[in-house]
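Working notes for the structure below.
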Amino acid sequence: MFRLTDLKYPVIQGSMGIGFSWFDLVVAVSKAGGLGTLTTVCIDRLVAWETGDKSYKNNWEKSIEYAVDKLRGMLGDIPFGFNIMEKQTKSSEIIELAFKYKVPSITVGAGFNRRHFKLAEQGDPNHDLNFMYMINGIKAAQITILASKRKNNRVPDALILEGPKAGGHNGFRTIREVNAGENSLEGCFEPCRKILHESGVGIVIAGGIWGPEDWKYWKEKGADCLQAGTAFLGSQEANLDPEVRERLYTLKEEDIITSDAEIMQPGSPTKFAFKVFSDSPGYLRAQKLERPVKCSMSGILKSDNSCAAHKLDKSNFCICPPLTRSSGFGEKFQGDTEQFLMTCGSNGYKIRELATVLNDDGQSVPYEAKRVVDWFSGVHNKSPEAEAVN
Ligand SMILES: Cc1cc2nc3c(=O)[nH]c(=O)nc-3n(C[C@H](O)[C@H](O)[C@H](O)COP(=O)(O)O)c2cc1C
1128 MFRLTDLKYP VIQGSMGIGF SWFDLVVAVS KAGGLGTLTT VCIDRLVAWE
1178 TGDKSYKNNW EKSIEYAVDK LRGMLGDIPF GFNIMEKQTK SSEIIELAFK
1228 YKVPSITVGA GFNRRHFKLA EQGDPNHDLN FMYMINGIKA AQITILASKR
1278 KNNRVPDALI LEGPKAGGHN GFRTIREVNA GENSLEGCFE PCRKILHESG
1328 VGIVIAGGIW GPEDWKYWKE KGADCLQAGT AFLGSQEANL DPEVRERLYT
1378 LKEEDIITSD AEIMQPGSPT KFAFKVFSDS PGYLRAQKLE RPVKCSMSGI
1428 LKSDNSCAAH KLDKSNFCIC PPLTRSSGFG EKFQGDTEQF LMTCGSNGYK
1478 IRELATVLND DGQSVPYEAK RVVDWFSGVH NKSPEAEAVN
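The sequence shown finishes on residue 1517 if you use the numbering used here, and the numbering steps up by one all the way, no holes.
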């Protein structure tokens, strides 16, 4: 049985879809003593592309089995995680499969579905696996604890409190909510920590956590673990298109904006606020309504097989193919037909500092995921900022 407290370092690499937190990153982080998390958004398509075997497409069980076998082959008994976004296609089925194949750690993010609480009990009757939900504040913490107790005999091992500086989708609908003081980590950490710890549930802090000082601060406030995405996104193991990787290293603070379906239309069809590079060509094209309505991925279908971006209007834009264009699969499979859309957290402009660390001989130190784990956990005393060449 694996619990977060078994980790050598209290560092979770947050899942990054579509296709960014793929095998190399997950394995590097888990081997370094943190917890690597594989994204399962469109996993059937991604495995089909990786293997060249089209029979994986729409075959969720075969794809999950492939991923688990591959990770076990690379990691042996070292734990790893799977992430399922509530809004992704077949989320419930993938949660059930993750239990069936005994994925050591399962995180469920981007929304609630009461069915998931029941699934946790049915899929893991002996409570052998580490199971965590992502939450955005006190209300979500209360609902999750209450519903878990009522629907099954277990509370989650930990909840991941993700604040509005996080990359990817934020757990808020509008830019107003993203910017509201009470939704900041500072605004909601302590009440969340209190209710979780009183119920014997751990608290993981996420969204804009940057480096050992930041982690020390939250640890002293009572956080049990941290989750980061953006700091790992620039690492050499992240599965990125080369052009997007270069762009990451030159980002300025003002290049990272929040899109939503209310004010900054168009927004993500998930209806959640979504951080984007303001100049990513896929985003600019969507803003001008220039991208024809077409989807080759179907990553966020509802149960009636519809996606809000399947019709061309001002409120939603299609995100799955242009996001995947930014991944290491992008050029090979989508070529020039798709233009990249990219996301990262509010700290993305600091990735450059992590990318330009020199050793004592003046040689650049590879930007490996292991270095990010070591940095967060304070293994190296010198911070990359102090060493950075700007
Ligand atoms: C490129 C990118 C893609 C992401 N995709 C997902 C996802 O598919 N599912 C999810 O639950 N979180 C996703 N996230 C959020 C991360 O798992 C993590 O919680 C977040 O990045 C933490 O905040 P930080 O970006 O400030 O480090 C994504 C983040 C990034 C940067």
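We put the beta carbon where it would ideally sit given N, CA and C, even for glycine.
Going by DSSP, what residue range makes up the alpha helix (DSSP H) through Val1371? It spans Pro1369 to Leu1375 - the alpha helix (DSSP H) in which Val1371 sits, taken as one unbroken run.
Roughly how many angstroms separate the alpha carbons of Glu1117 and Phe1399, rounded to a whole number? Because the chain is modelled from 1128 through 1517, residue 1117 falls outside the range shown and cannot be assessed.
With DSSP as the reference, identify every bridge partner of Gln1140, one or two as the case may be. Beta-bridge pairing by DSSP links Gln1140 to Ala1355.
Just to check, is the beta-carbon of Gly1160 closer than 6 Å to a non-hydrogen atom of ligand 1? Checking the Cβ of Gly1160 against ligand 1 gives no.
Return helix, strand or coil for Leu1286, following the three-state DSSP convention. Three-state result, Leu1286: strand.
Go ahead and pull the three-state DSSP assignment for Ser1311. Note: Ser1311 maps to coil in three-state DSSP.
Would you kindly work out how many angstroms separate the C-alpha atoms of Tyr1183 and Ala1267, rounded to a whole number? About 35 Å.
Quick check on the burial criterion: 16 or more other C-beta atoms within 10 angstroms. Buried or exposed for Asn1257? With 16 or more other Cβ atoms from the protein chains shown falling within 10 Å of its own Cβ, Asn1257 counts as buried.
What residue does the alpha helix (DSSP H) around Asp1457 start on, and which one ends it? What sits at residue 1457 in the sequence shown is Gly, not Asp. That run of the alpha helix (DSSP H) goes Gly1457 to Gln1461.
In chain order, which continuous runs of the alpha helix (DSSP H) of length 4 or greater are located wholly inside the region 1131-1208? Entirely contained in the region 1131-1208, the alpha helix (DSSP H) runs reaching 4 residues are, in chain order, 1150-1158, 1170-1178 and 1187-1202.
For Thr1385, write down the residues that DSSP places opposite it in a beta bridge. In DSSP, Thr1385 forms a bridge with Lys1402.
With three or more beta-carbon pairs closer than 8 Å as the criterion, would you say the region 1376-1384 touches the region 1394-1414? Flag = yes, the region 1376-1384 and the region 1394-1414 touch.
Are the region 1199-1213 and the region 1470-1480 touching, with three or more C-beta to C-beta distances below 8 Å? They do not touch, by the three-pair rule.
Same chain only: Cβ atoms within 7 Å of Asn1517, ignoring 5 sequence neighbours per side: Legend: pLDDT at Asn1517 = 33, less than 50; position of this residue unreliable, no value from coordinates given.
Residues sharing a beta bridge with Gly1236, DSSP: Gly1236 pairs with Met1212.
Relative to ligand 1, is the shortest distance from any of its heavy atoms to the C-beta of Thr1292 smaller than 6 Å? The sequence given here places Lys at residue 1292; Thr does not occur at that position. Yes, Cβ of Lys1292 sits closer than 6 Å to a heavy atom of ligand 1.
Considering only the alpha carbon of each residue, which of Lys1229, Glu1340, Ser1142 and Pro1393 lies closest to Thr1301? Residue nearest to Thr1301 within the set Lys1229, Glu1340, Ser1142 and Pro1393 is Pro1393 (criterion: CA-CA distance).
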